[in-house]
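Protein chains in written order, with the working numbering: chain R, 23 to 397; chain S, 1452 to 1713.
Encoded as structure tokens, the structure appears first; notes follow it.
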């Protein structure tokens, strides 16, 4: 009897083990099936740019970048435009009587370019990312039914240069470019003339939404030299009473800013952490108002003087060109994006910063003809 | 001759925080623009003349008979390139470049071989090199004019960094005559070259610029040629872009028109 009891116990254990294994296999299969489904869906609506070093995936339904892969790291990433409504300084409780202008950035709400309603940076605000993909930074990956196109997308491929040309509005376009042999992603932004027929001054920003878990901190350069750690709504040397959730967290960028996943105060990163850097080709303002997100201010057009000394609105219709109905200034510039494992990110970022700062000097001319040369 | 004084003055004036932050009245901003533009134009003439003399100097007794241009960083051009490299390291910056240019020219006179028995034929006249300020909207007087007449062009690229680098160079062209181009490097080696159509936003910018600056001499290209240039540290290299027509084009020159899909 003992033997029989032992045998049945082992049989039962075996049966349990087999059942567990079967359940595991089924779960895996289900996952693979799910993956396939997603991939199927993704492939169908995905345009890929691949330079061999970096791969970008664009969602053709929304026209937005979806993810970047390369340099030993991957991340979800979606650059989009947004604009801040410039305060006019006339409403004492709304903006404490201070308007936006040449000296002052005093926003009165923020709008994604594609949204008709305000998407303020105040608590409870959900980024385009979240609204499109649901869940905190990077969740889901599915485009909810009915999500309309955010940008018109055109892809140009070749042997040296790969481009994704996105038109968000006729005054806000991006060309995202990969170059053969280069790890940086070039983002050429063109903004303007900024429309003001709605009577609102605007400060236009480029928002890089990603799935990096960077928390409340980011790093920005100090005059192009070392990178300084910034923490949202915090000042290291005094007790900050934050009254401007957007403007109060803006810092000057003369060369670069980056997000670091799980970085500590000294900037040391955990194993497997990623770093996403934006390099600028001129001095701009930038901030990280949410975890995983960076924004850089590209162009401004305000309709009132901020009463700080210029005595003019930052409105360039009077730009002194030949005929005064100039539609307004257009600004064009470049950012370079670099994604890398945090522990090796400094070298490529520093090198790219130097190359962006010192581009080759070009000169053009006819091919010289030599005396007696046949061609 | 031209020098860099006015650019230095304009840049020093722009150290004022108003110049950097845009907190100046519009007419003051216009004045900043005017001064920087004038200074930039003069400094560009200095750099172009130095490059031109080096390129011309390098073709006398240069590599492979010197007919296809200098070997940057190698061959007889090396001393000149190195001198340019040394010049760049001097504290005087562009002043030294100007000086190096003069030296190269003097050296060229010395080296011209009156008997004609040495290598390469001297280039008889200066090469009119131009800088282009509006490359970011595919505008360049020199290259668009040459390409619209079906003529080839020389591209000289100077690397101000102290390490060699690989970068994509984009040259505005007109496709009125041909879409097929051939690119060759300093050693005459073939380079893959790609023809990129101009984005719609750039076309719109070109129209805006033409309307606002009616007197602006710059001509706008409808496409760009992009190739990868290898540049030596603190040195220069020259590249040649030649239009292909007829059989050569059919034989499939190395240019690729970059397929576009929406």
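Just so it is clear, CB atoms sit at the ideal spot from N, CA and C, and this is done for glycine as well.
Residue of the options minimising C-alpha distance to residue i
| i | options | result |
| --- | --- | --- |
| residue 231 of chain R | R/312, R/173, R/297 and R/272 | R/312 |
| residue 1607 of chain S | S/1614, S/1593, S/1600 and S/1613 | S/1593 |
| residue 1476 of chain S | R/350, R/385, R/327 and R/190 | R/327 |
| residue 199 of chain R | R/209, R/190 and R/124 | R/209 |
| residue 1478 of chain S | R/381, R/332, R/355 and R/377 | R/332 |
| residue 223 of chain R | R/110, R/193, R/294 and R/29 | R/110 |
| residue 359 of chain R | R/101, R/366, R/337 and R/338 | R/101 |
| residue 94 of chain R | R/297, R/44 and R/221 | R/297 |
| residue 122 of chain R | R/179, R/269 and R/185 | R/269 |
| residue 380 of chain R | S/1658, S/1463 and S/1682 | S/1682 |
| residue 188 of chain R | R/240, R/83 and R/234 | R/83 |
| residue 1502 of chain S | S/1586, S/1675, S/1581 and S/1483 | S/1581 |
| residue 350 of chain R | R/72, R/234 and R/322 | R/322 |
| residue 1591 of chain S | S/1672, S/1640 and S/1602 | S/1672 |
| residue 310 of chain R | R/251, R/46 and R/127 | R/251 |
| residue 178 of chain R | R/335, R/238 and R/80 | R/80 |
| residue 336 of chain R | S/1629, S/1480 and S/1688 | S/1480 |
| residue 1577 of chain S | S/1504, S/1617, S/1645 and S/1602 | S/1504 |
| residue 241 of chain R | R/69, R/364 and R/42 | R/364 |
| residue 1430 of chain S | S/1452, S/1628 and S/1680 | Nothing can be reported for residue 1430 of chain S, as the shown portion of chain S is limited to 1452 through 1713. |
| residue 228 of chain R | R/176, R/238 and R/197 | R/197 |
| residue 207 of chain R | R/104, R/39 and R/74 | R/74 |
| residue 295 of chain R | R/69, R/203, R/372 and R/97 | R/97 |
| residue 1640 of chain S | S/1656, S/1602 and S/1680 | S/1680 |
Outcome for residue i when other beta-carbon atoms lying within 10 angstroms are tallied against a minimum of 16
| i | result |
| --- | --- |
| residue 219 of chain R | exposed |
| residue 1506 of chain S | buried |
| residue 386 of chain R | buried |
| residue 192 of chain R | exposed |
| residue 1615 of chain S | exposed |
| residue 173 of chain R | buried |
| residue 1595 of chain S | buried |
| residue 1696 of chain S | exposed |
| residue 271 of chain R | buried |
| residue 27 of chain R | exposed |
| residue 1455 of chain S | buried |
| residue 180 of chain R | buried |
| residue 134 of chain R | buried |
| residue 1467 of chain S | exposed |
| residue 1610 of chain S | buried |
| residue 1531 of chain S | Confidence at residue 1531 of chain S is low in this model, with a pLDDT of 39, below 50, so the placement of that residue should be treated as unreliable; the coordinate-derived value is given next. So residue 1531 of chain S counts as buried. |
Residue i beta carbon near the ligand MG (any heavy atom closer than 7 Å)
| i | result |
| --- | --- |
| residue 203 of chain R | Although the ligand MG was asked about, the structure shown includes no ligands whatsoever. |
Beta-carbon proximity check, residue i vs residue j, cutoff 8 Å
| i | j | result |
| --- | --- | --- |
| residue 1652 of chain S | residue 195 of chain R | yes |
| residue 129 of chain R | residue 225 of chain R | yes |
| residue 236 of chain R | residue 282 of chain R | yes |
| residue 1458 of chain S | residue 1493 of chain S | yes |
| residue 319 of chain R | residue 307 of chain R | yes |
| residue 233 of chain R | residue 277 of chain R | no |
| residue 1633 of chain S | residue 1693 of chain S | yes |
| residue 1605 of chain S | residue 389 of chain R | yes |
| residue 124 of chain R | residue 1474 of chain S | yes |
| residue 1688 of chain S | residue 1623 of chain S | no |
| residue 78 of chain R | residue 86 of chain R | no |
| residue 299 of chain R | residue 367 of chain R | yes |
| residue 382 of chain R | residue 1618 of chain S | yes |
| residue 1677 of chain S | residue 183 of chain R | yes |
| residue 377 of chain R | residue 1642 of chain S | no |
| residue 303 of chain R | residue 246 of chain R | no |
| residue 90 of chain R | residue 301 of chain R | no |
| residue 373 of chain R | residue 108 of chain R | no |
| residue 1691 of chain S | residue 1625 of chain S | no |
If contact is defined by three or more beta carbon pairs under 8 Å, each pair taking one atom from either stretch, is the segment 256 to 263 of chain R in contact with the segment 209 to 229 of chain R? no
Residues within the segment 364 to 382 of chain R neighbouring chain S, beta-carbon criterion of under 8 Å: 376, 377, 380, 381 and 382
Please list, in chain order, the residues of the segment 1582 to 1615 of chain S that have any C-beta partner in chain R closer than 9 Å. 1582, 1583, 1586, 1587, 1588, 1591, 1592, 1593, 1594, 1597, 1602, 1603, 1604, 1605, 1606, 1607, 1608, 1609, 1610, 1611, 1612 and 1614
Taking Cβ-Cβ distances below 7 Å as the criterion, which residues of the segment 196 to 218 of chain R are in contact with chain S? 197, 201, 202, 203 and 212
Residues of the segment 111 to 130 of chain R with a CB closer than 7 Å to any CB of chain S: list them in chain order, please. Along the segment 111 to 130 of chain R, the positions whose C-beta sits under 7 Å from a C-beta of chain S are 124 and 125, read in chain order.
Chain R contacts from the segment 1496 to 1511 of chain S (Cβ-Cβ distance under 7 Å): 1498, 1499 and 1502
What are the residues in the segment 1473 to 1484 of chain S lying within 8 Å of chain R by C-beta distance? Cβ contacts with chain R: 1473, 1474, 1475, 1476, 1477, 1478 and 1481.
What residues in the segment 1668 to 1682 of chain S bring their beta carbon closer than 9 Å to a beta carbon of chain R? 1675, 1677, 1678, 1679, 1680 and 1682
Contact residues within the segment 221 to 250 of chain R, judged by C-beta distance below 8 Å to chain S: Those residues of the segment 221 to 250 of chain R that come within reach of chain S (Cβ to Cβ, closer than 8 Å) do not exist; the list is empty.
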